[in-house]
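Trainee: Take this structure, written in C-alpha cells, and hold onto it; I'll ask about it next.
Protein chains in written order, with full-length UniProt numbering: chain A, 1 to 632; chain B, 1 to 632.
Right, here's the structure in full:
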C-alpha cells in the first residue's frame with residue numbers, strides 16, 4: 001500500500017513536470033548547462049539544430065517550476081543546472097530591454113541594447129546562477145571564465161561584482177530564514193558539508209590512495225559520459241514522437257526510480273544502532289541519519305538511510321564525520337550502482353534536470369566505498385574519501401577543474417583540503433580526457449586542411465555605399481542575413497573597394513526616417529544624426545524592432561538613394577580567403593565576432609568574396625560540404 | 001649606543017642589497033610585478049624604454065638574495081613581489097631551453113621552443129610565484145588571469161596544475177619544518193591570519209561602516225599611487241647618475257626608516273599590561289606582542305610592539321582577535337602615517353621591493369583605526385576591521401579585485417568573510433579608479449581617430465617567395481626586424497600577392513643547410529623536410545641560435561635562389577589599412593600576436609603596406625608621430 005502511494009505521488013509529480021516541459025516550454029528541459037556553455041562559446045549550436053531552444057526563448061518560471069516538480073518527484077537529478085540556466089535566462093530577458101510581461105521596462109536597461117553588453121550580461125547571469133546554486137561566489141566567476149571563449153578584464157570585474165551581490169543577498173535571506181521567519185522553507189536546500197573539524201595531514205600512502213581515487217573517478221566519469229551520450233540519442237528519438245511520448249518516458253523513469261528506491265532497502269538486513277546514539281536512532285518521519293524502514297527498535301536500515309532522504313541529506317550523510325561506520329561495503333556498492341545507473345537514465349528525461357547532484361551522490365558513495373576498502377592502509381577518514389570521490393567523479397564527467405575545485409572548497413569551507421582536491425581533479429580529468437569529452441561540451445572544431453574561402457558558400461549579397469532605396473528594400477526582404485558588406489563603388493572610389501559592414505537593423509532605421517537623396521550623393525553625417533539619435537539604432541529585443549515588412553514607401557521614394565556611410569562599421573575584422581580556417585576560428589571565437597569578411601588574395605576581383613558567420617564553423621555544416629574531411 | 005648599532009646594521013644590509021642590484025643585476029630592483037604584468041600584457045614596455053631590464057635577463061638568484069637583504073635591512077617592503085618576479089624568471093629560464101649555468105639542459109625542455117608555449121610557461125611561472133608567496137593556489141591562477149591580456153582554456157588548466165604542485169610542495173615543506181628539522185627556518189615567513197574563530201554576522205550599520213572603509217581605502221590608495229608615481233620619477237633621475245648614487249639613495253632611506261622605527265616609540269608612554277596576560281607581557285628578545293622597549297615590568301610600549309616586530313608579526317598583531325585593546329588611537333595613527341610615508345619612499349629604492357606588505361600594514365592600521373573610531377556603533381571587532389582595511393587599501397592601490405580577494409581568503413582560511421571582502425574591494429577600486437590607475441599597470445591605449453595605416457612608418461622590407469640568396473643575406477644583415485612579409489611574384493602569380501610571413505630565424509636555417517636552387521624555381525617541400533627536421537626551426541634561447549654573421553657562403557652560392565614557401569606562415573593575421581587602430585589593438589592583444597600585416601584597401605598597390613608590431617601600439621611612439629592626439 002505504501003509502495004503504491006509512493007509510486008503514485010512520484011509518477012504524478014513527474015507527469016506534471018513532463019507536461020509542463022512538453023506543452024508549455026520545451027526549452028526548459030534538460031540541464032540547461034550545455035545551452036549556457038554553447039552560448040558562452042559563441043556557438044548557440046541549438047539554433048542550428050532546433051531553432052526553438054534558443055537561450056533567449058526559455059521562460060525562467062517554467063525552468064523553476066519544472067525543476068521543483070522534478071526534484072519533488074524523487075528523481076536522481078539536481079536543481080543546480082536549472083538554476084544556472086535560470087540565471088542566464090533572467091539576464092537574457094533583462095538584456096532584451098526588459099519585458100512588458102514582468103513589468104520590467106526600466107530606462108537603464110537600454111544600456112544593454114547592443115551585442116557586446118548583452119553578451120556580458122548573460123555571462124554575469126550564468127555566474128550568478130552558479131553562485132546562488134552552490135553559495136560559491138568565486139566558483140561562479142571561475143565557472144563563467146572556464147566556459148566562455150571570449151574574456152576581457154572588464155568581464156572578470158563584472159562577474160565578480162554580480163556574484164558579490166548574489167552572496168550578500170543569499171546570506172541575508174539565509175540569516176533571515178534561520179530566524180524562523182520562513183516556515184518550512186529556509187532549512188537546508190544548499191549542499192553544505194560539515195568537514196571543518198577534519199584535520200588534514202596526510203602521508204605518501206594517503207596520496208597514493210587519493211591518486212587511485214582520481215584514476216577510478218576519471219574512468220567512471222568517461223564511462224558515464226559514454227552512456228549519457230548513447231541514452232540521449234535514444235531519448236531524442238522518443239521525444240520527436242510528440243508530447244505524449246515525452247510524458248510516458250518520464251513516468252516510466254519515475255516508476256523505475258521509485259521501484260529502486262523502495263525495493264532495494266528490502267534486500268538489506270537491519271543493523272543495530274551504535275549505542276552512543278540512543279536517542280537519535282532510528283529516525284522516523286523527519287530528515288536525518290539512521291532511517292527505521294521496517295526495522296525493530298534500536299535498529300536501522302542502511303540503504304533506506306540513503307534512499308529515503310533528500311539528495312542533499314544523503315550527501316551530507318556520506319560526507320559527515322560522525323557516521324563513518326553507518327554504511328557497510330554492500331550498502332555503499334548497491335547505492336553507488338543504483339545512483340550511477342539512475343543518473344544516466346534520468347539525465348535525458350524531458351524535465352529540467354541537473355547533473356551535479358547525481359554525480360556528487362555517485363562520486364561520494366564510490367569514494368566512501370574506496371575509503372572503506374583502503375581504510376586499513378590510509379589514515380584519511382571515510383568522509384574525506386567521500387568528498388574526494390565526489391571531486392574525482394565531477395572532474396571525470398564535467399571536466400571543469402578549476403571551477404569545480406573552488407565550488408567544492410566554498411561548499412566545505414575548508415581550505416586545507418585544497419591540495420588534495422586539486423590533485424584528484426587533475427588526475428580524473430586527465431584520465432577521462434583520454435576517452436571522450438565532457439557532457440555538453442560545445443564542439444568547435446575545424447579541419448586543418450581547409451581555408452576560409454572553402455566554407456564561404458552562400459551567394460554573397462552586398463550593398464553599395466550609396467544605394468537605391470528599392471534595392472535595399474528588396475535585399476532585406478529576400479534574404480535573412482544579418483550583416484551585409486558595403487562596397488564603395490565609382491564615383492566614390494576609383495575601383496570597387498570594401499567600405500565596411502552594416503547590420504540588418506540599421507538601414508531599416510534610415511529607411512523608416514526617410515533620409516533619402518534624389519541623386520546618387522553622399523549625405524552629411526551630422527545631418528543624419530540631427531534627425532536620428534544613436535539610441536534609435538539600439539538593438540531591440542527578439543521579436544521586437546523594425547521589420548522590413550512594416551515599411552511603407554511610395555514608388556517615388558523607392559527610386560531615391562540612401563547613403564549607408566554614416567551607419568557602416570568601417571573597421572570590420574577581415575581574413576584573406578586563403579587563411580587557414582582553424583586560425584580564422586581562433587579570431588572569430590576569441591573576439592566573439594558575429595560576422596567576418598573574407599577578402600580576396602588576388603587583385604582584380606570583387607573586394608569581398610564572402611562573409612563568415614558562426615554557422616560556417618560548425619562541424620555539421622563543414623561535414624556537409626566536405627564529407628571526407630576528418631575534423632581535428 | 002643601541003641606536004647606532006641598529007642604524008649601522010640596517011644601513012650595511014641596505015648598502016649590500018643596493019650594491020648587488022647596482023653592480024650585478026640592475027633588473028632585479030623594484031617590485032618585479034610591473035615587469036611581469038607588462039610581459040603578460042604583451043607589452044614588454046621596458047624593452048622599449050631600456051632594453052637591459054627585459055624579463056629574460058633577470059638573474060633569479062639576484063632577486064632572491066637582494067630580497068633577503070632588503071627585508072633584513074628593516075625596510076618597509078615585502079618579499080612577495082620579488083617572489084612573483086622570481087617565479088616568472090625561473091619559468092623564462094626554463095623556457096629558454098634550460099641553462100647550462102644551472103646544469104638544466106634536459107631534453108623535454110625543447111617543447112618550449114616556440115613563442116606560444118614559452119608565453120604560457122611564463123604565465124604559469126608568475127602564477128606559481130603568487131601561489132608560493134601567499135600560499136594561495138587559487139589566488140595565483142586568478143592573478144595570472146587578471147593580468148594577462150590573452151587567455152585560453154588550456155592556460156587555465158595549466159596554471160591550475162602548476163599552482164596545485166606548488167601547494168603540495170609548500171605543504172610538504174611546511175609540515176617537514178614544523179617537525180623541527182629546519183632549525184631557525186620554517187617558523188612563520190608566510191602571512192597567515194588567525195581569524196577563523198571570528199563569527200561573521202553583521203547588521204546594516206556594520207555594512208555602512210564597511211562601505212566607509214572602502215571609500216576611504218580607495219581615496220588613500222589613489223593618493224598613494226599618485227605619490228609613488230612622483231617619487232619614482234625623482235628616483236629614476238637619481239638612479240641615472242650611476243651605481244654610487246643608487247647606494248647612497250638606499251642608505252639614506254634606510255637611515256630614515258631606522259630613525260622612524262627607533263625614534264617614534266620614545267614619544268609614546270608605557271601602557272600597563274592587561275592583567276590576564278601576566279606571563280606573556282612584556283616580551284623581550286623574542287617575537288610576539290607587547291614589546292618591553294624601556295618600559296618598567298608589567299608595562300609595554302605599544303608603538304614598539306608594531307615597529308620592533310617583523311612585518312609579518314606586526315600584521316598578525318593587528319589582525320589577531322586577542323589583542324583588540326593593545327593599541328590606542330594615537331599609536332595606530334602614528335603607525336599608519338609612518339608606514340604610509342615610508343612605503344611611498346621605499347618603493348622606488350633600487351633593491352627588490354614588493355608593495356604588498358607595506359600596503360597591507362598601512363591598510364591594517366588604518367582599518368584598526370577606523371574600527372576603534374566607529375567601534376561604538378558597529379558590532380564588528382577591530383581585527384576584522386584591520387583585515388577589511390587591508391583589503392580596501394589593496395583594492396585602492398593594486399586595483400586587482402578578484403585575485404586580491406581570493407588571496408586574502410586563502411590567507412585567512414575563512415570563507416564567511418567573502419561577502420565583506422568583496423564589497424570593500426569593489427568600492428575601493430571603483431573610488432580609486434576615478435582618480436588614477438594602479439601601480440605598474442601597463443599602458444596600452446590607442447586614440448580612436450587613428451587607423452592602422454597611420455602608424456606604419458618604417459620602410460617596409462619584404463622578401464620574394466623565391467629569393468636570391470644574396471638578397472636574403474643582405475636583408476637580414478641590414479635590418480633588425482624579426483618578421484618579413486613574403487610576396488608571391490611573377491612567374492608564380494599573375495600579379496604580386498601576399499604569400500605570408502617568415503620569421504628572421506627560419507630563412508637562416510635554410511641558408512645554413514644550403515637548400516638552394518640554381519634558377520628561380522620552387523623547391524619540393526618534402527625534400528626540404530627530408531634534410532631538415534622540424535626541430536631545426538625551434539626557437540633558440542636568447543643570445544643563442546644562428547646569426548646571419550655566422551653564415552659563410554661563397555660568391556656562387558650568393559647568386560643561387562632559396563625557396564621560402566616551405567617555411568612561410570601562410571595564414572598571418574591581417575588588417576586593412578583603414579582599420580581603426582583601437583580595433584587592431586584588440587586583435588593584436590587578444591590573440592597575443594607579434595606581427596600583423598597591414599594590407600591595402602585599394603587595388604593596384606603593393607599587396608602589403610606595412611607590418612604592425614607591439615612597438616607601433618605604444619603611446620610613447622604614437623605620441624611621437626602625432627603629438628596632438630589625446631590617447632583615449
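Think of the CB as a built atom: it goes at the ideal place given N, C-alpha and C, for glycine as much as any other residue.
Given that residue 601(A) touches chain B, what residues does it touch there, using C-beta distances under 8 Å?
Mentor: Correct list: 497, 498.
Trainee: Any Cβ of chain A within less than 8 Å of the Cβ of residue 486(B)?
Mentor: Not one chain A Cβ lies under 8 Å of residue 486(B).
Trainee: Give a yes or no on whether the C-beta atoms belonging to residue 659(B) and residue 613(B) are separated by under 8 Å.
Mentor: The first residue shown for chain B is 1 and the last is 632, placing residue 659(B) beyond what the model contains.
Trainee: Evaluate residue 52(A) with the Cβ neighbour count: other Cβ atoms within 10 Å of its Cβ, from every protein chain shown; 16 or more gives buried, anything less gives exposed.
Mentor: No answer about residue 52(A) holds up, because its pLDDT of 38 lies below 50 and its placement is not dependable.
Trainee: With 8 Å set as the bound, which would you pick, yes or no: does the beta-carbon of residue 211(A) sit closer than that to a beta-carbon of chain B?
Mentor: No, because no Cβ of chain B sits closer than 8 Å to the Cβ of residue 211(A).
Trainee: When DSSP labels each residue in this structure, what does residue 21(B) get in the three-state scheme?
Mentor: Correct three-state label for residue 21(B): helix.
Trainee: Which residues bound the alpha helix (DSSP H) around residue 120(B)?
Mentor: First-last of the alpha helix (DSSP H) with residue 120(B): 115 to 134.
Trainee: At which residues does the beta strand (DSSP E) containing residue 500(B) begin and terminate?
Mentor: Start and end: 497 to 503.
Trainee: Taking only beta carbons into account, state which residues of the stretch 394 to 406 of chain A come closer than 8 Å to chain B, listed in chain order.
Mentor: Hits within the stretch, in order: 401, 402, 405, 406.
Trainee: For the UniProt domain "CBS" (568 to 628) of chain A, list the beta strand (DSSP E) runs that are entirely contained and at least 3 residues long, ordered along the chain.
Mentor: Within the UniProt domain "CBS" (568 to 628) of chain A, the complete beta strand (DSSP E) runs of at least 3 residues are 574 to 576, 596 to 599, 610 to 612.
Trainee: Under the DSSP definition of a beta bridge, which residues are partnered with residue 271(B)?
Mentor: Partner(s): 300(B).
Trainee: Since residue 80(B) and residue 143(B) are thought to touch, with beta carbons under 8 Å apart, how far apart are those beta carbons, to the nearest angstrom?
Mentor: Their Cβ separation, rounded to whole angstroms, is 11 Å, which puts residue 80(B) and residue 143(B) out of contact at 8 Å.
Trainee: Going by DSSP, name the residue or residues bridged to residue 561(B).
Mentor: Paired residue(s): 468(B), 517(B).
Trainee: Mind checking which residues open and close the alpha helix (DSSP H) that includes residue 218(B)?
Mentor: First-last of the alpha helix (DSSP H) with residue 218(B): 204 to 239.
Trainee: Which two residues bound the contiguous alpha helix (DSSP H) that contains residue 419(B)?
Mentor: Looking at the DSSP string, the run of the alpha helix (DSSP H) that includes residue 419(B) is 418 to 433.
Trainee: As a quick exercise: from 377(B), 335(B), 350(B), pick the residue whose alpha carbon is nearest that of residue 361(B).
Mentor: For the residues 377(B), 335(B), 350(B), the minimum Cα distance to residue 361(B) belongs to 335(B).
Trainee: Would you say residue 282(B) faces chain A, with C-beta separation under 8 Å as the test?
Mentor: Closer than 8 Å: no.
Trainee: Against chain A, which members of the stretch 126 to 143 of chain B pass a CB distance test of less than 7 Å?
Mentor: Against chain A - using a Cβ distance shorter than 7 Å - the residues of the stretch 126 to 143 of chain B are 137, 138, 141.
Trainee: Are any of the Cβ atoms in chain B nearer than 8 Å to that of residue 218(A)?
Mentor: No, residue 218(A) does not count as interfacial toward chain B.
Trainee: Pick helix, strand or coil for residue 37(A), following the three-state DSSP scheme.
Mentor: Residue 37(A) falls in the helix class under three-state DSSP.
Trainee: Mark residue 89(B) as exposed unless 16 or more other C-beta atoms lie within 10 angstroms of its C-beta, in which case mark it buried.
Mentor: So residue 89(B) ends up on the buried side.
Trainee: With residue 359(B) and residue 397(B) assumed to form a contact (beta carbons below 8 Å), what rounded beta-carbon distance in angstroms separates them?
Mentor: Residue 359(B) to residue 397(B), Cβ: 5 Å. Contact.
Trainee: Residue 80(B) by DSSP, collapsed to three states: which one?
Mentor: Three-state result, residue 80(B): helix.
Trainee: If you measure between the beta carbons of residue 586(A) and residue 591(B), is that distance less than 8 Å?
Mentor: The answer is yes: Cβ separation under 8 Å.
Trainee: Does residue 465(A) have its Cβ less than 8 Å from a Cβ in chain B?
Mentor: Chain B, which has no Cβ nearer than 8 Å to the Cβ of residue 465(A), makes this no.
Trainee: Counting only beta-carbon separations shorter than 8 Å, does residue 156(B) have a partner in chain A?
Mentor: Yes, contact with chain A.
Trainee: Is there a Cβ from chain A that is less than 8 Å from the Cβ of residue 153(B)?
Mentor: By this cut-off, residue 153(B) is an interface position.
Trainee: Using a Cβ-Cβ cut-off of 8 Å (strictly less than) and excluding sequence neighbours within five positions of residue 206(A), which residues of its own chain qualify?
Mentor: Around residue 206(A): 378, 379, 380.
Trainee: Can you list the residues of chain B that residue 583(A) reaches, using a CB-CB cut of under 7 Å?
Mentor: Those within 7 Å of residue 583(A) in chain B are 571.
Trainee: Who are the Cβ neighbours of residue 7(B) in its own chain at under 7 Å, not counting the five residues just before and after it?
Mentor: Here the set comprises 255, 258.
Trainee: Looking at chain B, which residues of the stretch 158 to 174 of chain A have a Cβ within less than 7 Å of any of its Cβ atoms?
Mentor: Answer in chain order: 160, 161, 164, 167, 168, 171.
Trainee: Return the first residue and the last residue of the beta strand (DSSP E) that residue 487(B) is part of.
Mentor: Element bounds for residue 487(B): 483 to 488.
Trainee: Given a cut-off of 8 Å on the beta-carbon distance, is the pair residue 432(B) and residue 222(B) in contact?
Mentor: Yes, Cβ-Cβ distance for residue 432(B) and residue 222(B) is below 8 Å.
Trainee: Counting only beta-carbon atoms, is residue 419(A) nearer than 8 Å to chain B?
Mentor: True, the Cβ-Cβ gap to chain B drops below 8 Å.
Trainee: Taking residue 574(B) as the query, report the chain A residues whose CB atoms sit under 9 Å from its CB, ordered along the chain.
Mentor: Near residue 574(B) (Cβ distances below 9 Å), the residues of chain A are 574, 575, 576, 579, 599.
Trainee: Indicate whether at least one CB of chain B lies closer than 8 Å to the CB of residue 4(A).
Mentor: By this cut-off, residue 4(A) is not an interface position.
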